[in-house]
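Novice: One point on numbering: in the numbering used here, the residue at position 235 of the sequence shown is 225, and numbering is uninterrupted.
Beta carbons are placed, not taken as given, at the ideal position from N, Cα and C, and that holds for glycine.
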Amino acid sequence: MGRLVYINGKFVKEEEAYISIFDRGFLFSDAIYEVTAVIDKKLVSWEGHLNRLRYSLSELNIKFSYSDEELFSIHKKLIVQNKINEGLVYLQISRGKAERDFAFPKPEVEPTIVLFTQIKNLINNPKINFGSKVISSPDLRWGRTDIKTVQLLYASIMKQKALDLGKDDVWFENNKLITEGSSNNTFIISNNGTLITRSLSTKILPGITRKSILEYAKKANFNIEEKPFTIEDTKNAKEAFSCSSTTFIMPVVEIDDCKIGSGTPGKHTLELRKLYIKNVRKELI
Ligand code: PDD
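(1) May I ask which residues mark the beginning and end of the beta strand (DSSP E) holding Tyr80?
(2) Could you check the C-alpha separation between Asn269 and Thr237 for me, to the nearest Å?
(3) For Asn181, verify whether its CB is less than 6 Å away from any heavy atom of ligand 1.
(4) Measure the beta-carbon distance from Arg271 to Ile118 and round it to whole angstroms, keeping in mind my assumption that it falls under 8 Å.
(5) Given this structure, state the Cα-to-Cα distance separating Val180 from Phe16, to the nearest angstrom.
(6) Check whether the Cβ of Glu76 sits closer than 6 Å to any heavy atom of ligand 1, and report yes or no.
(7) Please confirm whether any heavy atom of ligand 1 lies closer than 6 Å to the CB of Thr224.
(8) Is Ser234 a contact residue of ligand 1, with contact defined as CB to any heavy atom under 6 Å?
(9) At a cut-off of 6 Å, would you count Val25 as near ligand 1, judging by its Cβ distance to the nearest heavy atom?
(10) What's the call for Gly183, buried or exposed, on a 16-neighbour Cβ count within 10 Å?
(11) Could you tell me whether the segment 37 to 44 touches the segment 127 to 135, where touching means 3 or more Cβ pairs closer than 8 Å?
(12) With 16 other CB atoms within 10 Å as the buried threshold, where does Tyr8 fall?
(13) So within the segment 146 to 220, which uninterrupted beta strand (DSSP E) runs reach at least 3 residues, ignoring any that extend past its ends?
And the structure:
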């Protein structure tokens, strides 16, 4: 495909980018990542992604020396070189390569950093017109899903299960309460029009899209409640949606074979999607 990618200080063709089999990201999932959307050739909510990246690194005690400016300029160079008008920049940082040992390497090793781009239709995603059908499943992921680590196997298995069942995605639940989706945060809109999303804790990723939606919705005078909700609440809701950097706002029209509202993308959801895109466009860098 000939994309330019970034690996440990160098921009190289994707075919030339290799990491060691001793990399701890490969052996232990000892790595964190970010996915930042690009629209109009610019980064969406860059500051938010940068702050979360620093949080993940600090929670795992990975010492990483790149400055914010260096990270920004690598993103920008990849966008320009790979001609990304709309798409994603993926960034991953692992603790680095060391002899296989559960204990962290001593002395510390240099972290491994890789970035690549993906072209993706984010704004005119045809899937928005149909919405997503989800299944629920117990949340069997580890207990620190607030850290954006690359331990994504359970989410990947359950996403595939949903697809095998002819559905689109999975919403996880813990003690009957929805935590989040396989790779997105979740919202419902109650019959009186209140926007409800689970409050932040160690059980969900603090989504950057979620944060922006709450900010824009508040300004637009939506009633908002940050509180947990159940599968039953979702079945009885007027509308539901998931949100992430890869979909922005995706209407959710069915859960566990039960239609949500009319079973088609909801009016408020589509309105919020427009509001999100309009506002986020003003903050691109
Ligand atoms: N995933 N929750 C989980 C578990 C996620 O993996 C993601 C994002 C989100 C939404 O976060 P944000 O709004 O910051 O993208 C919530 C990315 C897109 C991925 O793994 O591809």
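Specialist: Result, derived from the coordinates:
(1) Gly77 to Ser84
(2) 16 Å
(3) no
(4) Incorrect: roughly 17 Å between the Cβ atoms, too far for contact.
(5) It is worth fixing the name first, because residue 180 is Ser in this sequence and not Val. If you take the alpha carbons of Ser180 and Phe16, they lie about 43 Å apart.
(6) no
(7) no
(8) yes
(9) yes
(10) exposed
(11) no
(12) exposed
(13) 159 to 164, 167 to 171, 175 to 179, 185 to 187 and 214 to 216
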